[in-house]
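Here's the structure we're looking at; comments come further down.
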Amino acid sequence: MNYWNCKANKFLLAHPMIERSEKMAKMEDEYYFTVVDYTLFVVLLFLSALTGVYIAFKHKLERKRKREDVKEYLTGNRDLKPFPVAMSLIASYISGVTMLGTPAEMYNFGAQYWLVVVAMSFSGAVVAFVYLPVFTKLRVSSSYEYLELRFNEHLRTIASVFFLIDEILFLPTLVYVPSLALSQVSGVNHHVVGIISCAVCVFYTLLGGLRAVIYTDTWQTALMFVADIVIVVHGVVAVGGFKPIIDIGLEGERIQAIDFYPSMYKRYNIYVILIGGFTYWTSFNSCNQTMVQRYLSLPNDKQAQLSVGIFTFGVVFFISLCCFAGLVVYTFYHDCDPLTSGRIVKSDQILPLFVVESSGYLSGMPGLFIAGVYGAGLSTLSVVLNSAAIVILEDLVQGAFHIRMKEEIVKPISKVIIFIVGVITYSMVFVIENLGGIFEVATILTSINAGTMFGLFSLGILIPWSNTKGAIVGSITGYVFTCIVAFGNKYATSAGLVLAPALPISVDGCYEKYDLNVTKEETEYPDESNVFPLFRLAYLWIAPVGLMSVITVGVITSLITGKTNVNTIDPDLISPVCQGFLPEAAKEYAGTAVKKVEHKRLLDRQANTPAPATQQQR
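Note that the sequence shown covers residues 3 to 620 in the working numbering.
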């Protein structure tokens with residue numbers, strides 16, 4: 003039950019270049035996950051489950067006065083408030099991967115990545131004023147319903163399938179990372195912890211729907227901020243203040259001048275961070291169902307834009323906290339690298355190790371940190387579970403297969419879908435845990451779908467004359483091409499053909515601190531000249547590859563097969579920033595898309611309205 007992961011202990015004992023001393027053995031029992039720590043963690047899980055129960059019973063009472071339909075269950079009835087929705091948006095993107103992966107990334111590769119907050123700020127403005135108004139005007143049930151209105155139902159189906167594949171690949175990281183963190187500080191097997199996490203998250207999502215997800219996300223997000231702030235503040239005190247952080251960061255090359263060298267192979271420079279970071283963030287926040295679903299839970303576009311503004315500020319602040327935490331961790335371990343000394347087996351474990359070693363003597367501090375990591379993981383997981391249910395029901399069952407079901411049937415089916423996706427999520431953990439650094443893996447997996455969908459939606463929203471054939475060919479080509487680049491990139495990295503140069507580390511202080519005799523091996527970097535150039539790209543270029551391939555192929559195909567007649571296109575389907583370029587004749591068709599959406603809702607209501615008693619008797 004000590005703070006070391008069991009695998010790390012075995013690695014340390016067997017490592018040929020490390021001699022383990024009595025001092026090290028004593029340290030294994032120095033910090034424990036105390037009763038207070040376990041209490042904080044259990045309270046987190048209990049409150050999460052209690053939120054779902056509360057929302058479920060509250061709406062059970064309300065349904066006696068007004069019948070709740072499946073739309074309200076899955077979309078929150080479009081009457082939520084900007085602040086809790088903004089907190090839920092933050093929870094949608096900030097996960098345990100961010101909390102653990104970002105500090106590790108800063109520790110290994112320096113503060114260059116911190117520039118991503120600039121890209122995030124621009125991204126928030128573009129989402130709020132370019133893409134968001136289209137969805138709030140149309141009031142669609144899912145973001146992919148837009149593709150049917152703009153192009154056709156086949157494209158909606160394609161996008162929905164891509165989304166589900168993406169989430170099935172990404173969801174396991176949301177379970178694995180917090181489970182790994184808890185295992186690190188308690189010794190509990192991370193598979194056991196993963197089962198508990200999935201069970202609690204599925205439970206409150208099943209009971210309360212989107213309302214439970216959003217209100218649970220609100221306090222879980224607050225917990226994330228509190229945990230990170232407390233850990234950073236205490237970490238600064240533990241290393242002796244800001245001056246050692248700056249001095250040691252400069253000496254160890256973690257604080258660097260901005261790299262302007264124009265290489266697409268470098269892990270981080272100003273171009274890959276600003277262009278790649280902006281594309282990745284905008285692609286996810288502009289059209290991904292997990293985000294659009296939250297935008298549409300608000301009553302109008304002004305409140306949705308306000309929510310996006312709060313979300314952007316919150317994310318920039320939180321990412322900055324995580325980046326600074328990376329510098330603090332480096333200052334603490336600058337003379338005895340935990341990975342080289344065998345005290346951890348993955349760099350993603352370095353922050354949990356830092357927490358227990360710098361503040362483990364404070365009862366409750368490790369518990370607060372793990373509760374924050376878990377809150378981040380559970381909030382994102384619940385969001386995606388709810389979104390997956392909407393996509394399957396709205397875009398596949400009703401959209402692709404044209405199956406109309408009664409409300410009393412749809413809601414139980416949506417709960418079954420959430421349960422099944424939860425089971426699949428846990429099963430995929432066994433695959434994810436065998437991959438490399440979780441931060442890079444998660445970004446690559448999400449970039450495939452994010453870049454492709456961003457290109458597809460941009461084709462429809464920003465290029466009025468793009469046609470259906472161009473969109474279909476562009477999206478499929480872009481998706482396949484991006485998969486080839488992403489998985490080729492990951493294969494080259496896993497096979498040791500490509501290795502991102504990490505910044506220098508030291509083990510000179512290991513003996514003094516831990517009585518460990520560690521010999522550092524010099525890293526041999528492979529000759530990358532024989533590797534296919536696209537497989538050498540920095541991982542942040544994956545999303546721009548998807549974006550540009552979809553738009554390029556889509557535009558060329560549209561030109562070859564005949565452009566869409568912009569005189570007959572509904573301006574509501576086009577971004578407000580591009581509507582000024584439409585001809586006057588297009589204004590006559592304004593509102594036709596909204597009427598289609600309203601007509602579909604009317605048909606759904608009629609299908610679920612009981613027939614009068616006289617007609618039933620007949």
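By construction, the Cβ of each residue, glycine as well, lies at the ideal position given by its N, Cα and C atoms.
Helix, strand or coil at residue i according to DSSP, with G and I counted as helix
i    : result
N491 : helix
V190 : coil
V385 : helix
N519 : strand
K417 : helix
C580 : coil
A504 : coil
G424 : helix
K25  : Confidence at K25 is low in this model, with a pLDDT of 49, below 50, so the placement of that residue is unreliable and no value is reported for it.
D81  : coil
M430 : helix
I170 : helix
M407 : coil
L604 : helix
A588 : helix
L176 : helix
S468 : coil
N287 : helix
Y527 : coil
V509 : coil
L47  : helix
G311 : helix
A473 : helix
N302 : coil
L499 : coil
E30  : In this predicted model, E30 has a pLDDT of only 49, less than 50, meaning its place in the structure is not dependable; the value taken from the coordinates is given anyway. In the structure shown, E30 sits in a helix (DSSP, three-state: H, G or I).
K9   : Interpretation of K9 is limited by its pLDDT of 36, a score under 50 that renders its predicted location unreliable; the figure taken from the coordinates is listed afterwards. Looking at K9 - three-state DSSP - the assignment turns out to be helix.
G462 : helix
Rounded distance between the beta-carbons of residue j and residue i, thought under 8 Å
i    : j    : result
I197 : Y481 : I197 to Y481, Cβ: 33 Å. No contact.
D397 : E147 : 7 Å
M101 : R256 : Not a contact, Cβ separation roughly 19 Å.
I233 : A327 : 7 Å
S162 : V294 : Contact doesn't hold; Cβ gap of about 13 Å is too wide.
V533 : L584 : Rounded, the Cβ-Cβ distance is 46 Å, inconsistent with contact.
P84  : L308 : 5 Å
N110 : A497 : N110 to A497, Cβ: 20 Å. No contact.
I321 : V119 : 6 Å
T495 : F164 : At roughly 24 Å, the Cβ-Cβ gap does not stay under 8 Å, so T495 and F164 are not in contact.
D81  : P301 : 6 Å
L542 : G279 : 6 Å
Contact check, residue i vs residue j, beta carbons under 7 Å
i    : j    : result
Q258 : G112 : yes
L387 : T207 : yes
A592 : I571 : no
V399 : I405 : yes
L461 : G556 : yes
S365 : T36  : yes
F172 : L549 : no
L329 : I247 : yes
L1   : V487 : Nothing about residue 1 can be reported from this structure: the residues present for the chain run from 3 to 620 only.
V670 : L209 : Within the shown structure, residues of the chain are numbered from 3 to 620, placing residue 670 beyond reach of any answer.
S389 : D219 : no
V2   : L140 : This structure cannot speak to residue 2, because the chain is shown only from 3 to 620.
A545 : S449 : yes
D510 : D337 : yes
Y363 : L46  : no
T484 : V547 : yes
S299 : V87  : yes
V202 : S50  : yes
G374 : L225 : yes
A473 : L166 : no
| query | In the segment 531–575, which residue ranges form an unbroken beta strand (DSSP E) of at least 3 residues, counting only runs that do not cross its ends? | reply | none
| message | With three or more C-beta pairs closer than 8 Å as the rule, is the segment 557–570 touching the segment 461–476? | response | yes
| said: Quick check for students: name the residue ranges of the alpha helix (DSSP H) that lie wholly in the segment 330–403, counting only runs of 4 or more. | reply: 352–361, 367–392
| field | 4 or more residues per run - each alpha helix (DSSP H) lying fully within the segment 201–270 | value | 244–253
| request: Check whether the segment 351–371 touches the segment 203–222, taking contact to mean three or more Cβ pairs, one atom from each stretch, closer than 8 Å. | output: no
| query | Touch check for the segment 372–391 and the segment 83–94: three-plus C-beta pairs under 8 Å? | reply | yes
| task | Enumerate, from N- to C-terminal direction, the unbroken alpha helix (DSSP H) stretches of 4 or more residues contained entirely within the segment 84–168. | result | 84–95, 98–111, 118–128, 134–140, 147–152
| request: Determine contact between the segment 178–186 and the segment 483–498, defined as no fewer than three beta-carbon pairs at a distance below 8 Å. | output: no
| With a cut-off of 8 Å, do at least 3 Cβ pairs link the segment 359–371 to the segment 117–129? | no
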